[in-house]
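Here's the structure, in structure tokens; my notes come after.
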Amino acid sequence: MESIMKLESLISEVTEIVTAIDEVEFNLKLTPDKWSKKEILGHLCDSAVNNHIRFVKILVSDYPIAIQGYAQNDWVRVNDYQNRYDQSDVLALWQQVNRMILRVMQRADSSDFQKKCVLPDKTEVTLEWLFNDYVDHLIHHLEQIEL
Numbered sequence: 001m002e003s004i005m006k007l008e009s010l011i012s013e014v015t016e017i018v019t020a021i022d023e024v025e026f027n028l029k030l031t032p033d034k035w036s037k038k039e040i041l042g043h044l045c046d047s048a049v050n051n052h053i054r055f056v057k058i059l060v061s062d063y064p065i066a067i068q069g070y071a072q073n074d075w076v077r078v079n080d081y082q083n084r085y086d087q088s089d090v091l092a093l094w095q096q097v098n099r100m101i102l103r104v105m106q107r108a109d110s111s112d113f114q115k116k117c118v119l120p121d122k123t124e125v126t127l128e129w130l131f132n133d134y135v136d137h138l139i140h141h142l143e144q145i146e147l
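Residues in the sequence shown are numbered from 1 upward in steps of one, following the UniProt record's numbering.
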């Protein structure tokens, strides 16, 4: 599956990109209500944690799993990536959770990718769609970190 290879590549890419960013720039908040690059990566950690659980639930279930959303801004606030993590710590967390996801998805059978789940708006999608969406979301935020 193409998205598995893409995630594998992104783990290396994100590592190179984040380690090349000066810590002052990584921590910079342009406005109090906008996330810093560190907080964006923290958000991607939260996304990875939530999606890992979703992927595993779908893989071990024989019936469609209801996907619940999460309060993204609250997760970033409660985890306090801006003040409680340094650049290397938030990167290491992101790397490890995404390696967990990668290992789970690599073990999945091709038929597993057709398992169904139901989004909060009641749309039914497959695990393949959800995983592709996860990788696309990651790329979207990576572009914000690269700016």
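Idealized CB from N, CA, C, for every residue including glycine.
Do residue i and residue j have their C-beta atoms within less than 8 Å of each other?
i	j	result
Gln68	Pro120	yes
Ala48	Asn98	yes
Phe55	Val104	yes
Leu93	Cys45	yes
Asn73	Gly42	no
Val58	Lys6	The question names Val, yet the displayed sequence has Ile at residue 58. No.
Glu128	Phe113	yes
Ile4	Gln95	no
Lys29	Ile145	no
Val76	Trp35	yes
In three-state DSSP terms, what is residue i?
i	result
Lys116	strand
Ala20	helix
Ile145	helix
Ala48	helix
Ala92	helix
Asp110	Correcting the residue identity first, residue 110 is Ser in this sequence and not Asp. In this structure, Ser110 counts as helix in the three-state DSSP scheme.
Check the DSSP bridge columns for residue i and list the partner residues they point to.
i	result
Val125	Cys117
Ile65	Cys117
Could you check how far apart the C-beta atoms of residue i and residue j are, in whole angstroms? I think they sit under 8 Å.
i	j	result
Val18	Leu91	5 Å
residue 226	Leu130	Outside the modelled stretch of the chain, which goes from 1 to 147, sits residue 226, for which no answer is possible.
Ile40	His140	Contact flag wrong, Cβ pair sits at about 10 Å.
Tyr70	Asn50	5 Å
Met1	His52	With a Cβ gap of about 17 Å, Met1 and His52 do not count as contacting.
Assess contact between the region 77 to 96 and the region 131 to 143, defined as three or more Cβ pairs (one per stretch) separated by less than 8 Å. Is contact present? no
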